[in-house]
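So the sequence shown is numbered by the working numbering: it starts at 867 and just counts up by one.
Step one of this worksheet: look at the structure below.
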Amino acid sequence: METIALEWRGGTGFELQETPPARTLGARHLMLLALGKCSASTALALMGRMRLHITRLRLEVSGRLSDDAWRETAVFLSFHQVFRIECTEREETGRIARAVELALSRYCGMSLMLEMIAPLSYELYVNREALVPEEAGA
């Protein structure tokens, strides 16, 4: 399993968390980083258009490999993203879920491309409350 974590720093800035330094990231970590930045940036752009008041976004992106050994032939079997979002207005929860769902299903090119390689799933927590992806339409 490969994992990276991103923390939003405002605007379009993100910081890698709990991973090797950027200069030592391997190709698989870079794929996960590209997926994470695309997903988070797209979701934030949609939330901005919806005039939502986001105060924090943390995204953990993981990929399950065909072989746990560090072999060059290992490929991704699945991808999973965990969005942890905080906002000031509780009633914005449904629209935040919708923005994340739209980002992953329509607007993030990395998400769309990698989903052709392996299944992509996600979890969403808004103000530490778990939302299931089906609630995105609420």
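For each residue, glycine too, the CB sits at the ideal point set by N, CA and C.
It should be emphasised that the depicted structure is a prediction, and the values quoted were computed from it without experimental measurement.
Segment contact, 8 Å Cβ cut-off, at least three pairs: the stretch 890-900 with the stretch 961-969: With a cut-off of 8 Å, the stretch 961-969 and the stretch 890-900 do not count as touching, because too few Cβ pairs lie within range.
Residue range of the unbroken beta strand (DSSP E) whose run includes L953: Residue 953 is actually Cys in this sequence, not Leu. Segment 942-953, the beta strand (DSSP E) holding C953.
Can you give the beta carbon distance from T908 to C953, rounded, assuming they're within the 8 Å contact cut? Going by Cβ atoms, the distance from T908 to C953 rounds to 17 Å, so no, they are not a contact pair.
In or out: Q883 buried (at least 16 other Cβ within 10 Å) or exposed? When all chains shown are included, Q883 counts as exposed.
Take the Cβ of L872 as the centre, count every other Cβ of all protein chains shown within 10 Å, and call the residue buried at 16 or more, exposed below. Per the 10 Å Cβ criterion, buried.
Return the chain-ordered list of same chain residues with a C-beta closer than 8 Å to the C-beta of L931, the five sequence neighbours on each side being excluded. Excluding residues within five positions, the ones whose Cβ falls inside 8 Å are M867, E868, R894, A940, V941, F942, L943.
By a C-beta neighbour count over all protein chains shown, 10 Å radius and 16 as the cutoff for buried, is G975 buried or exposed? By the 16-neighbour rule on beta-carbons within 10 angstroms, G975 is exposed.
My understanding is that G902 touches L925, with C-beta atoms under 8 Å, so please give their C-beta distance in whole angstroms. Right, their Cβ atoms sit about 5 Å apart.
Within this structure, are the beta carbons of R961 and L918 separated by less than 8 Å? Yes. Within cutoff.
Could you name the residues that DSSP lists as bridge partners for Y988? Per DSSP, the beta bridge partners of Y988 are Q947.
Tell me T869's beta-bridge partners as DSSP assigns them. Note: T869 sits in a beta bridge opposite S928.
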